[in-house]
Amino acid sequence: MLLDFALPPRCAGCGVIVDDVHVFCHECWKQAEFLGGGGCDTCGLPLEATESAVCAVCLAEPPRIARIRSAIAYGELARGLAIRLKYGRKVAIARTMARYMAPLIAPDGQAVLVPVPLHRSRLWQRGFNQSVLVANELSRLLGNPTAPMALQRTRRTPPLKGMSVAQRRRTVAGVFRVRQPETVAGKTVILVDDVLTTGSTAEACARTLTRAGAARVELISWARVIRPRRLMR
Ligand SMILES: [Zn+2]
Ligand SMILES: [Zn+2]
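As numbered in the working numbering, residues 1277 to 1509 make up the sequence shown, in order.
Here it is in structure tokens:
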């Protein structure tokens, strides 16, 4: 893009001038808690010393989402980018996020990237879905197709913050619908989200996608709220 050459690249975290486009400066890099590709094969959370490959929680009850990976632990830096993705230099921020998310996706050229949808009314207010921008950038980097219209949010939900896991599940139950089953049937679907909190929303998406015939559902997010394991579910 012409602008990338005209302007010196800036750190996506704090705005200082950096050497390369879409990287963080040293200070932000130190502060950021990158999650990497390790942990439980399924949920991506750290394994206990007694566990190997898959954690005890996932073994006891295999989650609907077969693989969850996130670039960074939710904190100041992650939050700053997530906010600016919604309100600021959207495409540049989406590109930076995708750069850190792409290496965490298991290579599979056939897998379809499906952004977690917003409700129509929210879309009208904001004008775009931030997860669609990130999915587009992931597609550009990895070559996987995106299906931004595959999933639809049929009603607006109140903020899930402060709700118990059971309340969250009830709130998002039946909220999603697959509008284009042919784009997901028999395929691996990779849900794309900006911030993963308890996973109730993503789980509701996964349930709907599986019912519509998706062979496997995975999830990639920019940030993830990391809490004591007991509270995650
Ligand atoms: Zn910085
Ligand atoms: Zn696990």
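Built from N, CA and C at the ideal position, the CB exists for glycine as well.
On the DSSP bridge assignment, give the partners of Phe1452 in chain order.
-> Position 176 of the sequence shown, counted from the start, is the residue given in the question as residue 1452. Paired residue(s): Arg1429.
Would you say Phe1310 touches ligand 1, meaning its beta carbon is less than 7 Å from a heavy atom?
-> Here the question's residue 1310 lines up with position 34 in the sequence shown. No, ligand 1 has no heavy atom inside 7 Å of this Cβ.
Which residue from Glu1337, Cys1304, Arg1343 puts its Cα closest to that of Gln1317?
-> For this step, residue 1317 is matched to residue 41 along the sequence shown. For clarity, residue 1317 is Asp in the given sequence; the question names Gln instead. Checking every option, the nearest Cα to that of Asp1317 belongs to Arg1343.
Neighbourhood of Ala1347 by C-beta distance below 6 Å, restricted to the same chain and skipping five residues each side = What you label residue 1347 is simply residue 71 of the sequence shown in a count that begins at 1. Within the same chain, Ala1347 has close Cβ partners Tyr1376, Met1377, Trp1498.
With Ser1346 as the anchor, note down where its beta strand (DSSP E) starts and where it stops.
-> On the sequence shown, residue 1346 is found 70 positions in, with the first residue counted as 1. That run of the beta strand (DSSP E) goes 1343-1349.
Sort Gly1489, Ala1442, Val1468, Thr1484 by Cα distance to Thr1474 and report the nearest one.
-> Against the sequence shown, residue 1474 aligns to sequence position 198. Residue Ala1442 is the option with its Cα nearest to Thr1474.
Which residue comes first and which comes last in the beta strand (DSSP E) that contains Ile1466?
-> The sequence position of residue 1466 within the sequence shown is 190, counting from 1. For Ile1466, the enclosing beta strand (DSSP E) covers residues 1464-1472.
Residue ranges of each alpha helix (DSSP H) run of no fewer than 4 residues wholly in the region 1309-1389, ordered along the chain?
-> Segments of the alpha helix (DSSP H) lying fully in the region 1309-1389: 1332-1336, 1352-1363, 1366-1377.
Is the beta carbon of Arg1445 sitting closer than 8 Å to the one on Ser1397?
-> Locating residue 1445 in the sequence shown gives position 169, where the first residue counts as 1. Locating residue 1397 in the sequence shown gives position 121, where the first residue counts as 1. The answer is no: Cβ separation not under 8 Å.
Under 7 Å from any heavy atom of ligand 2, by CB: list those residues in chain order, please.
-> Those satisfying the condition are, in chain order, Cys1316, Thr1318, Cys1319, Leu1321, Val1330, Cys1331, Val1333, Cys1334.
For Arg1432, count neighbouring Cβ atoms within 10 angstroms of its own Cβ and tell me buried if that reaches 16, exposed if not.
-> Locating residue 1432 in the sequence shown gives position 156, counting from the first residue. Exposed.
Buried or exposed: which applies to Arg1506, given that a residue is buried once 16 or more other Cβ atoms fall within 10 Å of its Cβ?
-> As a working note, residue 1506 is residue 230 in the sequence shown. Residue confidence for Arg1506 is low, a pLDDT of 42 falling below 50, so the modelled location carries little weight; the figure read from the coordinates is stated next. Classification for Arg1506: exposed.
Residues near Pro1434 in its chain [Cβ-Cβ closer than 8 Å; skip 5 each side] = On the sequence shown, residue 1434 is found 158 positions in, with the first residue counted as 1. Counting only residues of its own chain and dropping the five nearest sequence neighbours on each side, Pro1434 has a CB closer than 8 Å to the CB of Thr1447.
Looking only at its own chain, which residues have a Cβ that is under 7 Å from the Cβ of Met1425, when we skip the five neighbours before and after it?
-> Numbered from its first residue, the sequence shown carries residue 1425 at position 149. Correct list, in chain order: Arg1455, Gln1456.
Closest Cα partner of Pro1391 within the set Gln1401, Ala1370, Asp1296, Gly1438 | Your numbering for residue 1391 matches position 115 in the sequence shown. Selected option, being the one with the closest Cα: Ala1370.
Where does Leu1495 fall in DSSP's three states?
-> Translated into positions along the sequence shown, residue 1495 becomes position 219. The answer is strand: DSSP assigns Leu1495 an E or B state.
How should Leu1335 be labelled, buried or exposed, when 16 other C-beta atoms within 10 angstroms of its C-beta is the threshold for buried?
-> Position 59 of the sequence shown holds residue 1335. Exposed, since its Cβ has fewer than 16 Cβ neighbours within 10 Å.
Neighbourhood of Gly1289 by C-beta, 6 Å cutoff - its chain only, sequence neighbours within 5 removed = Mapped onto the sequence shown, residue 1289 falls at position 13. Only Phe1300, Cys1304, Leu1353 meet the Cβ criterion.
Just to confirm, does Gly1364 get its C-beta within under 7 Å of one of the non-hydrogen atoms of ligand 1?
-> The count along the sequence shown starts at 1 and reaches residue 1364 at position 88. No - ligand 1 has no heavy atom lying nearer than 7 Å to the Cβ of Gly1364.
Could you give the distance in angstroms between the alpha-carbon of Arg1365 and the alpha-carbon of Glu1458?
-> Residue 1365 sits at position 89 when you count from the first residue of the sequence shown. Residue 1458 sits at position 182 when you count from the first residue of the sequence shown. Going by the C-alpha atoms only, they are around 34 Å apart.
Could you check if Gln1386 is buried or exposed, using at least 16 other CB atoms within 10 Å of its CB as the buried criterion?
-> Within the sequence shown, the letter at position 110 stands for residue 1386. That one is exposed.
Sorry if obvious, but does the Cβ on Glu1303 come closer than 7 Å to a heavy atom of ligand 1?
-> The sequence position of residue 1303 within the sequence shown is 27, counting from 1. Yes, the Cβ of Glu1303 comes within 7 Å of a heavy atom of ligand 1.
Would you tell me roughly how many angstroms separate the C-alpha atoms of His1298 and Ala1374, rounded to the nearest one?
-> Translated into positions along the sequence shown, residue 1298 becomes position 22. Translated into positions along the sequence shown, residue 1374 becomes position 98. Near 9 Å, if we compare the C-alpha coordinates of Ala1374 and His1298.
Just how far apart, CA to CA, sit Ala1325 and Gly1315?
-> Numbered from 1 along the sequence shown, position 49 holds the residue referred to as residue 1325. Numbered from 1 along the sequence shown, position 39 holds the residue referred to as residue 1315. When rounded, the distance between both Cα atoms is 11 Å.
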